[in-house]
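Student: In our numbering, the protein residues as written are 80 to 485.
Questions regarding the structure given below will be posed in turn.
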């Protein structure tokens, strides 16, 4: 029996299954006729069970259950703060219903979606439909996805308070549509889950921040972004020759992001060693990514991970719902946090080398860059960032005409 043990020390867990065909067969057609044969059969089944157990996916991203006591959550939040991400359960979100609603939206006729386009003359304002190539975190890449942005239902005739406020741009004729009602419900439910999660995190980690105020005032400007990713071979006429990806490497600029994803996979973040870590799309879980603003506000106690989304495999599509949790528009970083000399580097050298170019709010390792957040309103900085992302879009007229020109 000891000759089977080397298979169990293999560093590649999937290889364990490859060992199973080489295990001794139970003799006599599976009939056990003696004590020795019983011992051998028991050993065979034990190794098979152990192999199956070891081959189960073991996510590197820690799991937090919001229903657990704070003392139980503390260890998971500590690991999540170092990585910049946790998997979350106990959130009471109907992920399947929301994903199905997003599929219904993206299945609308192309002209109907384009008529609800988000580029309405207000640079940086994020509401409505984004066509394929409508934005990119890095100008060098084509992000092969379509999107839809919405949030707080601002009254159509009410004056807007700032550049991130305004009415949602729903597709024409969607009033009363079940998918729209479901998405509206999901926005509020996800915002509530985000509020609970950040409060639990701040309490568990004893962060030097007011847990209740992290997202206070941001309720009307936080946005839900729905995405539908295509496989790399689709829509070949758009920006031919450009590298294609799902979402370019970036950090999230705000407090935190709550992501619901279908079973396709593709979300990855950079570990401290510079290796990309897959975030598995496990049933019933959402992912919380911690953002740049929280990293600086917490004086480096939380990490804002560089992450990306890969395109789905051939003939597959990927759907996700992503809530960006903002602080208030006028929020500024406390001067003492911006000037903190002991603030650790935002990212390791290995991470910077692996990521190459990536989009981020400010260079958190540069004190002068951090001072911008103490002197300028968060909302103004984010509007400027969204203008840059929109400026990287493929020419919309060329796309709508189906032309190869860009």
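Just so it is clear, CB atoms sit at the ideal spot from N, CA and C, and this is done for glycine as well.
The structure displayed is predicted, hence computed values, not measured ones.
What did DSSP end up calling residue 415 once you bin it into helix, strand or coil?
Tutor: helix
Student: I'd like the ranges of any beta strand (DSSP E) spanning at least 3 consecutive residues and lying wholly in the segment 320-406.
Tutor: Counting only runs of 3 or more, we get 326-329, 335-340, 346-349, 355-357, 365-369, 386-388, 397-404.
Student: Looking at the structure shown, is residue 242 part of a helix, part of a strand, or coil, going by DSSP?
Tutor: coil
Student: How big is the Cα-Cα spacing for residue 228 and residue 375?
Tutor: Looking at the two C-alpha atoms, the distance is approximately 26 Å.
Student: Along the chain, where does the alpha helix (DSSP H) containing residue 189 start, and where does it finish?
Tutor: 189-193
Student: Kindly indicate the opening and closing residues of the alpha helix (DSSP H) around residue 154.
Tutor: 149-162
Student: Assess contact between the segment 365-372 and the segment 159-177, defined as three or more Cβ pairs (one per stretch) separated by less than 8 Å. Is contact present?
Tutor: In the pairwise beta carbon analysis, the segment 365-372 is classified as touching the segment 159-177: at least three pairs are separated by under 8 Å.
Student: Anyone know if the C-beta pair for residue 365 and residue 277 falls short of 8 Å?
Tutor: Taking 8 Å as the Cβ cut-off, residue 365 and residue 277 do not qualify as a contacting pair.
Student: Do residue 225 and residue 185 have their C-beta atoms within less than 8 Å of each other?
Tutor: yes
Student: With a cut-off of 8 Å on the beta carbons, I'd call residue 220 and residue 343 a contact; round off their distance for me.
Tutor: 19 Å between Cβ atoms; not a contact.
Student: Between 453, 338, 289, 236, which lies nearest to residue 418 when the distance is taken from Cα to Cα?
Tutor: 453
Student: Below 8 Å, how does it come out for the segment 387-397 and the segment 291-310: are there three or more Cβ pairs, yes or no?
Tutor: yes
Student: In chain order, what residues of the same chain lie with their CB nearer than 8 Å to the CB of residue 384, ignoring the 5 residues before and after it?
Tutor: 162, 163, 164, 330, 348, 349, 368, 369
Student: Taking the alpha carbon of residue 457 as the point to measure from, which residue in 404, 183, 218, 141 has its own alpha carbon closest?
Tutor: 404
Student: Identify, in the order they occur along the chain, each residue of the same chain with its Cβ nearer than 6 Å to the Cβ of residue 471, setting aside the five sequence neighbours on each side.
Tutor: 215, 218
Student: In the DSSP assignment, find the unbroken alpha helix (DSSP H) run with residue 174 in it and report its ends.
Tutor: 174-185
Student: Can you list, in chain order, the residues of its chain with a C-beta nearer than 6 Å to that of residue 268? Leave out the 5 residues immediately preceding and following it.
Tutor: 172
Student: Quick check on residue 309 - is its C-beta less than 8 Å from some C-beta in chain C?
Tutor: Reference to chain C is not applicable here, since this structure consists of a single protein chain.
Student: Just to confirm my understanding: we take residue 248, look at its own chain, exclude 5 residues before and 5 after, and list those with CB closer than 6 Å. What are they?
Tutor: Result list for residue 248: 195, 206, 207, in chain order.
Student: Comparing alpha-carbon positions, which option in 140, 449, 235 lies nearest residue 411?
Tutor: 449
Student: Can you give me the C-alpha to C-alpha distance between residue 157 and residue 144, rounded to a whole angstrom?
Tutor: 14 Å
Student: Starting from residue 144, trace the beta strand (DSSP E) both ways and give me its first and last residue.
Tutor: 142-144
Student: For residue 168, does the three-state DSSP call read helix, strand or coil?
Tutor: Residue 168 falls in the strand class under three-state DSSP.
Student: Would you grab the beta carbon distance between residue 301 and residue 270 for me? Rounded to a whole angstrom, and I think it's under 8 Å.
Tutor: 6 Å
Student: What three-state label does DSSP hand residue 261 in the structure shown?
Tutor: helix
Student: Please name the residue, chosen from 423, 175, 465, 382, that lies closest to residue 445 on a Cα-to-Cα basis.
Tutor: Looking at the Cα atoms, 423 is the closest of the given residues.
Student: What is the rounded straight-line gap between the Cα of residue 235 and the Cα of residue 243?
Tutor: 15 Å
Student: From what residue to what residue does the alpha helix (DSSP H) around residue 313 run?
Tutor: No alpha helix (DSSP H) contains residue 313, which DSSP labels as neither H nor E.
Student: Alpha carbon to alpha carbon, how far is residue 380 from residue 128? Give it in angstroms, no decimals.
Tutor: Annotation note: pLDDT 45 at residue 128 (below 50); position unreliable, no value reported.
Student: Just verifying my parser: in three-state terms, what is the DSSP assignment at residue 275?
Tutor: helix
Student: Using a Cβ-Cβ cut-off of 7 Å (strictly less than) and excluding sequence neighbours within five positions of residue 155, which residues of its own chain qualify?
Tutor: Sequence-distant partners of residue 155 (beyond 5 residues in either direction) whose C-beta falls short of 7 Å from its own C-beta, in its chain, are 141, 142, 143, 165.
Student: Less than 8 Å separating the beta-carbons of residue 178 and residue 332?
Tutor: no
Student: Return yes when the Cβ of residue 473 is within less than 8 Å of the Cβ of residue 318, no when it is not.
Tutor: Yes. Within cutoff.
Student: Nearest by alpha-carbon distance to residue 351: which of 303, 160, 262 is it?
Tutor: 160
Student: Which value, in whole angstroms, describes the spacing of the CA atoms of residue 434 and residue 287?
Tutor: 30 Å
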